[in-house]
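Please read the structure below before turning to the comments.
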Amino acid sequence: MKRILLVISLICIYLLPTEVYGQVKKKPRKKSTPPPVVARCSRFKDSSEIASIFNSMNGPEWFTKWDLSAPIESWQGVTVNKSGCVSQIVISNNNLSGNIPALNLPALVQLMMEDKNISGSLPLWINLPNLKSLIIKSDQISGLLVNIDKCPHLEYLDIASPKMTGTIPNFDKIPDLTDLYLSGDFSGSIPDFAKLTKLQTLEISGSHLSGKLPELKNQATLNNLKISDTQLEGAIPSFSASNLMNLDLSNNKLTGSIPNLSVWSRLENINLSGNKLTGSIPNMSGLNALEELMLQDNDLSGNLPNLILPKLRTLWLQKNHLAGPLPDFSQLAELRSIDLSENDLNGAIPDFNKLSQVEQMSLHHNKFSGSIPDFTQMPRLLTLSLNDNELTGKIPDFRFLPKLMKLDLSNNKFKGKTPKFKKCPHLADVNIR
0 MKRILLVISL ICIYLLPTEV YGQVKKKPRK KSTPPPVVAR CSRFKDSSEI ASIFNSMNGP
60 EWFTKWDLSA PIESWQGVTV NKSGCVSQIV ISNNNLSGNI PALNLPALVQ LMMEDKNISG
120 SLPLWINLPN LKSLIIKSDQ ISGLLVNIDK CPHLEYLDIA SPKMTGTIPN FDKIPDLTDL
180 YLSGDFSGSI PDFAKLTKLQ TLEISGSHLS GKLPELKNQA TLNNLKISDT QLEGAIPSFS
240 ASNLMNLDLS NNKLTGSIPN LSVWSRLENI NLSGNKLTGS IPNMSGLNAL EELMLQDNDL
300 SGNLPNLILP KLRTLWLQKN HLAGPLPDFS QLAELRSIDL SENDLNGAIP DFNKLSQVEQ
360 MSLHHNKFSG SIPDFTQMPR LLTLSLNDNE LTGKIPDFRF LPKLMKLDLS NNKFKGKTPK
420 FKKCPHLADV NIR
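For the sequence shown, the positions run 0 to 432 when numbering that gives the first Met the number 0 is used.
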């Protein structure tokens with residue numbers, strides 16, 4: 000009997016919940032991301048839905064019309080999946096006009112509509128649960144950026160129209176966004192997009208946007224940043240995006256000095272033109288991938304630094320207050336275009352012996368003196384502007400510049416006869432007075 004009772008007791012203990020007996024807690028389960036939405040589509044309903052695009056957007060006047068009696072996969076710009084349901088709609092420059100209808104397309108992954116006469120406002124997206132790419136571009140679409148969060152799985156969003164107004168939302172409900180392009184007449188400040196941690200490209204423009212640049216602290220994966228043509232003020236923040244490749248903050252009202260750019264060692268293009276930046280041009284050592292440096296139309300001052308940028312192709316620093324002699328440019332072997340005009344640079348113009356790839360050179364409206372240097376090592380040169388300086392001596396015939404098309408040497412102090420430039424057969428625009 001005792002043995003039977005012992006066995007029964009052991010069985011009872013075994014069956015007790017572990018959190019009660021011995022206080023052993025189960026490990027909490029990790030929260031998993033919700034499974035993708037299963038698209039329950041109907042080919043018949045899809046046909047009716049996209050036919051509404053044709054009927055409400057001037058279909059009979061399209062350049063390439065849809066035959067509504069034919070299978071939907073034969074309609075230009077329409078793609079169906081294996082189930083026969085509509086997965087992509089891509090219509091561009093096909094004479095579309097009128098309003099975009101509200102759509103109920105559960106299997107739709109990509110929607111792109113580009114035409115200058117698409118009008119109305121962005122529709123209420125009824126049921127696009129799987130949409131990953133949304134591109135709407137027009138000259139006439141107006142209204143606010145609303146209802147975008149009805150597409151929670153968006154990864155690519157591009158909305159462009161000069162008549163789009165209102166503020167820019169933070170898109171908290173679309174955390175998978177990797178590419179965000181917004182162009183319109185937006186106002187207010189730009190949010191920090193705190194929950195968009197997967198952003199790789201952010202491009203925003205809007206003539207009435209104001210405030211300061213967002214610091215974008217949570218966008219470590221950002222590769223391309225363009226915020227231009229706004230009323231944004233203040234200093235350029237130190238963005239945390241270490242993988243930044245393209246930085247365009249042009250045509251704003253930014254002030255202060257240029258930050259240390261060498262922390263972004265992968266930068267290929269820098270455009271900070273058209274602001275109110277002050278101070279000197281910082282050290283750019285380490286930017287070995289840089290191809291474009293555009294700092295024109297600011298209030299920069301000081302001497303030009305020595306630039307060791309082996310891949311640089313474009314150097315535009317015009318319309319600043321840069322002073323002093325030109326530095327050694329021998330480390331810019333890939334340079335194609337150089338514009339240092341409308342500054343306070345002085346001294347002699349060097350020979351530029353290592354700049355054999357240059358096609359355009361503008362040094363006008365400075366204080367350069369001495370004679371015109373030897374340009375024989377620049378056989379690709381197409382345009383040369385040295386006007387409005389203090390250059391002296393004789394004018395060479397530029398016989399070693401066979402591709403030269405435009406030459407401006409006016410408003411200097413040259414002496415002697417003017418050559419006829421017979422060795423420059425393409426030279427059509429000459430100003431020497």
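We treat Cβ as the ideally placed atom computed from N, Cα and C, and that holds for glycine.
Query	Result
How many whole angstroms separate the CB atoms of Asp-373 and Asn-386, which I take to be in contact at a CB cut-off of 8 Å?	At roughly 19 Å, the Cβ-Cβ gap does not stay under 8 Å, so Asp-373 and Asn-386 are not in contact.
According to DSSP, simplified to helix, strand and coil, what is Asp-45?	helix
What span of residues does the beta strand (DSSP E) with Glu-202 cover, start to end?	200-208
With distances taken from CA atoms, which of Ala-234, Pro-151, Leu-121 is nearest Gln-139?	Leu-121
Please specify which runs of the beta strand (DSSP E), each continuous and at least 3 residues long, are wholly inside the stretch 363-421, giving them in chain order.	366-369, 382-384, 389-392, 405-407
List the whole-angstrom C-beta distance separating Leu-299 from Leu-325, where the pair is believed to meet the contact cut-off of C-beta under 8 Å.	Wrong, their Cβ atoms sit about 15 Å apart, outside the cutoff.
If you draw a straight line from the alpha carbon of Pro-395 to that of Gln-359, how long is it in whole angstroms?	18 Å
Going along the chain, which residues of its own chain have a beta-carbon closer than 6 Å to the beta-carbon of Leu-179, five neighbours each way excluded?	Leu-156, Leu-201
I need the DSSP call for Lys-149, collapsed to helix, strand or coil.	helix
Starting from the C-beta of Asn-365, find all residues in its chain whose C-beta is less than 6 Å away, skip the five residues before and the five after it, and write them out in chain order.	Asn-342, Leu-344, Asn-388
Run through DSSP, which three-state label would Gly-58 get?	helix
Excluding the 5 residues preceding and the 5 following Asn-57 in the sequence, name in chain order all residues of the same chain whose CB lies nearer than 6 Å to its CB.	Ser-96, Gly-97
Which complete beta strand (DSSP E) runs does the stretch 293-342 hold, if anything under 3 residues is left out?	300-302, 313-315, 320-323, 336-338
Along the chain, where does the beta strand (DSSP E) that runs through Thr-78 open and close?	77-79
Is the separation between the beta-carbon of Leu-266 and that of Leu-260 shorter than 8 Å?	yes
Taking Leu-303 as the reference, which of Thr-382, Ile-280, Leu-311 has the closest Cα?	Ile-280
Whose C-beta lies closer than 8 Å to the C-beta of Gly-278 among residues of the same chain, with five residues either side of it excluded?	Gly-255, Ser-256, Ile-257, Leu-299, Ser-300, Gly-301
What is the rounded straight-line gap between the Cα of Ser-160 and the Cα of Ala-322?	42 Å
Under 8 Å by Cβ, that's how I've got Gly-392 and Ser-370 pegged, so tell me the actual separation to the nearest angstrom.	3 Å
Relative to the alpha-carbon of Asp-126, which residue among Leu-107, Asn-116, Ile-134, Ser-141 has its alpha-carbon at the smallest distance?	Per the sequence shown, the amino acid found at residue 126 is Asn instead of Asp. Answer by Cα proximity: Leu-107.
Run through DSSP, which three-state label would Glu-72 get?	helix
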